[in-house]
Amino acid sequence: MTKFRTEITKGDEIRYVSHLDYASLMERAIRRAKLPVAYSEGFNPHMKISFASALAVGVTSAAEYMDIELKEPVAEDVFCDRLRQALPKGVKLLRAKMFEGKQKAMMAIVDLAEYTVQIPLTGDQAAICEAVQAYNLAPTIMYTRRTPKSCKEVEIKQYMQESVQVAFVNEMIVFTMKTKITPAGSVKPGEILQVFKTQFSMPILEDEALIHRTGLYAGGQTPIDLV
Amino acid sequence: MVKLDPAMIHAVNKPARYTGNEFNAIQKDHAQVQCTFALALPDVYEVGMSNLGLKILYEILNKRGDTAAERVYTPWIDMEAKMRENKIPLYSLETFTPLSQFDFVGFSLQYEMIYTNILNMLDLANIPLFAAERKDSDPFIVGGGPCVYNTEPIAEFFDFFIVGEGEEIIVEVVECYIQWKKDGCAQGRQGLLKRLAILDGIYVPSFYAVQYNAENLIESVLPIYPEARSLVQKRVVKNMDTVTFVENPVVPYIDIVHDRIMLELFRGCTRGCRFCQAGISYRPVRERTPEQLRALAKQLVASTGYDEMALTSLSSADYSCLGEFVTDIMEDFKNEKLALSLPSLRIDSFSIELAHKLQQVRKSGLTFAPEAGTQRLRDVINKGVTEENLEQAVRSAFENGWNTVKLYFMMGLPTETDEDIIGIARLAQKVVDLYREVTGKRGARVTVSVACFVPKPYTPFQWFPQNTQEEFARKQKLLKEHIRDRAIQFNYHDANISYLEGAITRGDRRLSKVIYEAFKQGAKFDGWSELFRNDIWMKAFETCGIDPTFYNQRERSKSELLPWEHVTPGVNKEFLLREYHHALKEELTEDCRRGKCSACGVCPNLDVKVVDWGKRHD
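If you read the protein sequences in the order shown, they are chains A and B.
According to this note's numbering, the first sequence holds residues 1 to 227 in order.
According to this note's numbering, the second sequence holds residues 1001 to 1618 in order.
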């Protein structure tokens, strides 16, 4: 049983594709690449691929990780060439590494995500910095997470790995966020922006935010360096 | 180039409908081409992206180095509101170019209930709605597709129409345009229209004058320019094997209605169902060779990565080489987990066994269309299906493990009596009972869907009055009362939508103002029952002083000049009349594909022949 772990991107061109649709566009690319991919048994066979962490609609990423199981070995360069030719705009294959044997599912081991968030600067810089500082200093922050079906109170500071950093570049606000991914849950950058605005009165147009995942780690290493 | 604000796009449902960049989408630099052509389907992305005709034209146009073809669909109402609020004009999905900057905007006319969407799209694109108001800088607005056999109700909004199959004529239109441009756009817009009007299959509505008589009927439709033909006949592809088919279709990122490869086995259907417009307008039957289809299938799987392929046609099970072809293609793809489906099943056990072979193992349900509840009425409409056929097909389906059957019917057919309506309930009950007989268990699920019949131009029923809404309502109630088994689910259509469709489909040019008025009052997505606003439409008819029943519920005299007769799919009026009389006498007409020619006139009129490879071995 041969597996490949890949480091891929989700670019601006496909920013608004959901995680589920991202998975199926990768399936189609793998079929176009004519890679000898393995399928599950049974009535409704599924391609054996898996991802490290789902990405929200509207978020781009330079650090997506996908495992592919193959029925037979393929040389690393052949694998990369074929897959690259079949990828749609917006997905780049950065690295691929063949590995044998069992590895824990990436979904179960990733524990840290890094993001940059860019928003056009429209408010007062000092007020933005103050709000960030207040956010960073607060010991706990309660956030109400709403889904179509439920409404839940979540303490989000427990999911912050480090303080949020802020910089101002070319009339843009640039936040850097590092969030923990735990079995109990995590916090999304979009949620942090909402908290900035509603609980810390930060003058930002959070709807204009362009969120980009820059890194995903497990125990301090990228998933691809683990194999 | 249109730029989308993240806040705006983030606020709408399914934003990937509006952001393009799909695999196989073709982006060209407009400065490097001679002609730009927007291909529009006036419905939402998921519907528009599923249309095979536009995929074919996209491929043909983009194969040309001098032409860029791009896609555009109707934004859903949430996106439309955002676009209007932010003053974003309607744009193409390839290069985000405003529609108003294209040389041509072509609309695919799939059904009458999307006509207001056409106006809405033109309005969103800042293109004048009426052809007469367009300036030299505006695109040419062209229509084509199934509704092209009566475009009179929308004639005033279009510069010209392409009648019939577009594969060859679209290229002639583009070449004519490029030449006209080289000639310094001689004589302006009129100049190009005059050059186009002489091509086979081009209808320029503004080149014809319509006169009405004292009874409000059409007195004459006459060309007012020498370039305009007195009769425009459809274009038809003679050899399906040599014409370009889709080889590199755009692969969407989101689920669309037909999210799979569509492999067109053949064009046309000559079973001769008398209510069916497609059965007339796509004549004659022309098959692709199995060799060609196998090669296309390989190419399509390689270029898309889809794991599902539908074998499409008006009645796929009629493909002469189907059994052999399915075996071959399953062999070709045995290592690739390709699911094959056959979307139009015939009512016989051959179809069921084939469906079983195709391993549609999910047994999600089979759909049959007996169309009418009694043998008498099925003979009237020339639906060559007997109760024994249905019994055998359903029995075979139940034996092969299915338990869900959908049955499609129509109500309001000519000569229909209450007995025919009750016959629908009886037939459904028979299917439920058959399940018990075959399997010894309960558990069949039978869905009965009954549409309200809309008589269409160029069918033997084109003279026939549509039922009133009250009559439809009464029949729906009657049928409901006769369906007593809880295993049967009964669905029926909104008679108001069918009433409107009935008025427009056999309408004339005077309806343009009604459609315009309805659009102005907010009608859009009229085919979507949750958005259909009957009140707006009825008000629009009233405002314009037009009675819809003149168009849908009036029995037309056989001598009346019908509004659509100057544009034809090539069928003779005598044939339609003959079929009408056969219908009243409950007489059947044979399928000319393998049986006797019924002299519809299409082959001689268009110089084309039936192509059926089953005959090759004889």
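Where is the CB? At the ideal position from N, CA and C, for every residue including glycine.
Since the model is a prediction, treat every value here as computed from it, not as a measurement.
Neighbourhood of residue i by C-beta distance below 6 Å, restricted to the same chain and skipping five residues each side
i	result
A/Asp21	none
B/Phe1096	Met1001, Val1002
B/Ala1209	Leu1222, Ile1224
A/Phe200	Ala131, Ala134, Tyr135
B/Phe1140	Phe1104, Asp1159
Interface flag, residue i vs chain A, CB-CB below 8 Å
i	result
B/Asp1307	yes
B/Tyr1408	no
B/Glu1022	yes
B/Val1251	yes
B/Val1361	Note that B/Val1361 scores 48 on pLDDT, short of 50, meaning its location in the model is unreliable and no value can be drawn from it.
B/Ala1310	no
B/Asp1618	Low confidence applies here, because B/Asp1618 scores a pLDDT of 46, under 50, leaving its location unreliable and the question unanswered by this model.
Selection from the options that minimises the alpha carbon distance to residue i
i	options	result
A/Leu121	A/Thr222, A/Val174, A/Met66	A/Val174
B/Val1033	B/Leu1090, B/Asp1005, B/Tyr1177, B/Asp1136	B/Tyr1177
B/Thr1568	B/Gln1233, B/Thr1327, B/Val1285, B/Phe1490	B/Gln1233
B/Asp1526	B/Asp1078, B/Thr1116, B/Ser1320	B/Thr1116
B/Pro1153	B/Arg1442, B/Asp1005, B/Arg1509	B/Arg1509
A/Gln118	A/Glu7, A/His212, A/Glu155, A/Glu69	A/His212
Residues that residue i bridges to, as DSSP identifies them
i	result
B/Cys1452	B/Met1411
A/Thr9	Looking at the DSSP assignment, A/Thr9 forms no beta bridge with any residue, so it has no partner.
A/Lys180	A/Leu112
B/Arg1286	B/Arg1267, B/Val1611
A/Ala127	DSSP, once it has assigned bridges, lists no residue as partnering A/Ala127.
B/Gln1489	B/Thr1447
B/Ile1141	B/Val1105
Below-8 Å beta-carbon distance, residue i vs any chain B residue
i	result
A/Ala29	yes
A/Arg32	yes
A/Gly123	no
A/Leu25	yes
A/Gly42	no
A/Lys197	no
A/Pro45	yes
Amino acids of chain A, ordered along the chain, whose beta-carbon sits closer than 7 Å to that of residue i
i	result
B/Ile1619	Because chain B in this structure spans residues 1001 to 1618, residue 1619 of chain B falls outside the shown range and cannot be described.
B/His1010	Gly58, Asp207
B/Ala1214	Going along chain A, no residue has its Cβ under 7 Å from B/Ala1214, so there is no contact; the nearest lies around 59 Å.
Residues of its chain near residue i, where Cβ-Cβ distance is below 7 Å and the 5 sequence neighbours each way are ignored
i	result
B/Lys1014	Ile1254
A/Thr9	Ser61, Ala62, Glu64, Val91, Lys92, Leu94
B/Asn1558	In the sequence as presented, Asn is not what sits at residue 1558 of chain B; that position holds Lys. Here the set comprises Trp1463, Leu1577.
B/Ala1339	Asp1307, Glu1308
B/Thr1543	Glu1517
A/Lys34	Arg82
B/Val1361	Confidence in B/Val1361 is poor, its pLDDT being 48 and thus under 50, which makes the residue's placement unreliable; the coordinate value appears in the next sentence. Counting only Cβ-Cβ distances below 7 Å, and skipping sequence neighbours, we find nothing.
A/Lys188	Ala56
A/Ala105	Ser50
B/Leu1342	Leu1311, Ser1316, Ala1317, Leu1354, Ala1355, Leu1358
Cβ shell of residue i (< 8 Å), same chain only, five flanking positions each side left out
i	result
B/Leu1263	Leu1293, Leu1296, Ala1297, Leu1300, Met1309, Ala1310, Leu1311, Thr1312
B/Ser1303	Asn1024, Glu1247, Asn1248, Pro1249
B/Asp1136	Cys1185, Gly1188, Arg1189
B/Glu1555	Trp1463, Phe1464, Pro1465
Closer than 8 Å at the beta carbon, the chain A residues around residue i
i	result
B/Pro1015	Tyr16, Val57, Gly58
Chain B contact residues for residue i, given Cβ-Cβ distances below 9 Å
i	result
A/Glu13	Thr1019, Gly1020, Asn1021
A/Glu39	As written in the sequence, residue 39 of chain A is Tyr, which differs from the Glu given in the question. Within chain B, the residues near A/Tyr39 are Lys1337.
Where residue i meets chain A, residues with beta-carbon distance less than 9 Å
i	result
B/Pro1006	Arg15, Gly58, Asp207, Glu208, Ala209, Leu210
B/Ala1068	By Cβ distance, chain A contributes nothing, its closest Cβ being about 17 Å from B/Ala1068, past 9 Å.
B/Thr1304	Arg28, Arg31, Arg32
Under 7 Å by beta carbon: chain B residues contacting residue i
i	result
A/Pro203	Neighbours of A/Pro203 on chain B: none; closest Cβ ~15 Å, over 7 Å.
A/Lys89	Asn1021
Cutoff 8 Å: residue i Cβ touching any chain D Cβ
i	result
B/Thr1074	The structure shown contains no chain D; the protein chains it does contain are A and B.
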